[in-house]
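Visitor: My structure is below; once you've seen it, I'll send some questions.
Chains as they are written, first to last, in the working numbering: chain A, 1 to 268; chain B, 269 to 521.
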């Protein structure tokens, strides 16, 4: 049974969400979007460049207020504030070069008010979980791009978020590292029980990792297809050899091709 | 030997060689001792003047003025830079002025400063600040421009207050460029104050050097020049080492 089927309860819900930017030129970037993501679900969003994927993430985490519509997180409507319980990993390297790995990870807890011992325990756990124990005293400049992204994920992890938003976190990594990072992400998802929303431009990544994949149209971004993968919860990157995987990726591409052409100004 | 150590060794060797060459040229009469005295005599003169205590007041006056000008330039320049950074309109106005600022010789304002502030410490401090603050302002703008937008986004996601965002993210991220400005500010404040003392003051090390020059007291003049030089190099050296330590910590790879 898929995780999506297990999670009947809506964790985050968007109703008629739109985002416009004042000009000149005025831009209708997003929506209208209606979407419900179940508690503990792994949901991915794919779409052509500039379709508003990152704007969607900004709306979800409260960084940007929707022009129209509503966002509800755990049943509570958001009004442009950043709610407790959401962790975000950005596409860009957000490690702080003046802090070592341990300090970077602990940064997430600076305002938590937790006891020093609790902070140390959470940081230790996150550092070990992300395979960074050997590098705890290293500075970001001493790490590879993949390891820096792991530092950022660990910094999110210490907060014990109930919803993890990831904005193309593996975009700058090579294919092999991305597959392995995908495995780590799945392990993190299973062990924390958090709901995950992943923004990605990689169709294979979305098809491999997700319970459901939402395909967005060219700007203004709307969901034109939501595909359920049907993967078991206990999965890893080896499912790329499953014959079903190719079919899922092909379906995603057939949904996305025309929209990608539109976004390139070459509408078929 | 590491590259850094090798460079330090070469620098020291070149400097020692030049000092040694000057010593030989002065001792052998190639350079007239009425023009330049041997470096060993400069050093002896510096020690004599420091030991005698006759310069204590001048030293305190000069370095307290430099310190005050430096602190005001760092504080004012950083604040002004931050304010200009926040306002794109102000930035449009300030950018060309800052770009051409150092083409203006600030010492032309000396008569005005004397008329407005008299012959005390104030015009010297103002000269020091006028020399140093724009460098801090330029480096502050450059530092703030260089703060990665994703780190500011991160601060918002972590719901940091503006003060914590500034203290925990903006300042550390901008520090390397701020530091370059502070280093320049120290040099400019020193130049501004000492040069100001040459022409404005009746006290201070600049005045003492000027007085020795006008009295044809080469020994005293070179001794004092050496002292100012050593203090300037030491202060800048401390900032340089500190800056290097910060930079190495960020770029070890």
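Ideal Cβ placement from N, Cα and C applies to all residues, glycine included. If you're wondering where the values come from, they're calculated on a predicted model, not measured in any experiment.
1) Inspect the CB distances between the stretch 223–235 of chain A and the stretch 67–86 of chain A and report whether three or more fall short of 8 angstroms.
2) Following the continuous beta strand (DSSP E) through residue 212 of chain A, name the residue where it begins and the one where it ends.
3) Between B:498, B:508 and B:505, which has its C-alpha nearest residue 307 of chain B's C-alpha?
4) In the stretch 394–448 of chain B, which residue ranges form an unbroken alpha helix (DSSP H) of at least 4 residues, counting only runs that do not cross its ends?
5) Using a cut-off of 8 angstroms between C-beta atoms, extract the partners of residue 111 of chain A located in chain B.
6) Measuring CB to CB, does residue 65 of chain A end up less than 7 angstroms from residue 87 of chain A?
7) Rounded to the nearest angstrom, what separates residue 214 of chain A and residue 78 of chain A at their Cα positions?
8) Would you say residue 418 of chain B reaches chain A, if we count a Cβ-Cβ gap shorter than 7 angstroms as a contact?
9) Using Cβ-Cβ distances below 8 angstroms, what residues of the stretch 435–446 of chain B are close to chain A?
10) Around the Cβ of residue 516 of chain B, are there at least 16 other Cβ atoms within 10 angstroms (buried) or fewer (exposed)?
11) What does the Cβ neighbour count give for residue 189 of chain A, buried or exposed, with the cut at 16 atoms within 10 Å?
12) Would you call the CB atoms of residue 249 of chain A and residue 183 of chain A closer than 7 angstroms?
13) Here's the rule I'm using: 16 or more other beta-carbon atoms within 10 Å means buried, otherwise exposed. How should residue 484 of chain B be labelled?
14) Need the endpoints of the beta strand (DSSP E) that residue 227 of chain A sits in, please.
15) Check the DSSP bridge columns for residue 55 of chain A and list the partner residues they point to.
16) Note down, in chain order, every chain A residue with its Cβ under 7 angstroms from the Cβ of residue 421 of chain B.
17) Provide the residue(s) that pair with residue 76 of chain A in DSSP beta bridges, ordered along the chain.
18) For residue 522 of chain B and residue 492 of chain B, what's the separation of their Cα atoms in angstroms?
19) Quick one: list the residues of chain B neighbouring residue 94 of chain A, beta-carbon separation under 8 angstroms, in chain order.
20) Three-state secondary structure (DSSP) at residue 5 of chain A?
21) DSSP three-state call for residue 94 of chain A: helix, strand or coil?
22) Report the neighbours of residue 82 of chain A on chain B: residues whose CB is nearer than 7 angstroms to its CB, in chain order.
23) Run down chain B in chain order and give the residues with a C-beta less than 9 angstroms from the C-beta of residue 171 of chain A.
24) Using 8 angstroms as the cut-off, can you tell me whether the stretch 460–473 of chain B makes contact with the stretch 373–390 of chain B, which would need three or more C-beta pairs spanning the two stretches below that distance?
25) What are the residues of the stretch 127–148 of chain A that lie near chain B, defined by any Cβ-Cβ distance shorter than 7 angstroms?
26) So what does DSSP say about residue 249 of chain A, is it helix, strand or coil?
27) Can you tell me where the alpha helix (DSSP H) holding residue 139 of chain A begins and where it ends?
28) List the endpoints of the continuous alpha helix (DSSP H) containing residue 194 of chain A.
29) Can you check which of these residues, B:305, B:436, B:401 and B:410, is closest to residue 99 of chain A by C-alpha distance?
Guide: On the basis of the data shown:
1) no
2) 212–216
3) B:498
4) 417–425
5) 426, 427, 428 and 432
6) no
7) 22 angstroms
8) yes
9) 436, 437, 440, 441 and 443
10) exposed
11) buried
12) no
13) exposed
14) 223–228
15) Paired residue(s): none; residue 55 of chain A is not in a bridge.
16) 63 and 90
17) A:73
18) Examination of residue 522 of chain B is not possible in this model, given that chain B is present from 269 through 521 alone.
19) 416, 418, 419, 421 and 422
20) At residue 5 of chain A the pLDDT is 40, less than 50, meaning the model places this residue with poor confidence and gives no usable figure here.
21) coil
22) 424, 425 and 427
23) The contacting residues do not exist; residue 171 of chain A stays about 13 angstroms from chain B at best.
24) yes
25) 139, 141 and 142
26) helix
27) Where residue 139 of chain A is concerned, there is no enclosing alpha helix (DSSP H), given that its DSSP letter is neither H nor E.
28) Here residue 194 of chain A belongs to no alpha helix (DSSP H), and DSSP marks it neither H nor E.
29) B:436
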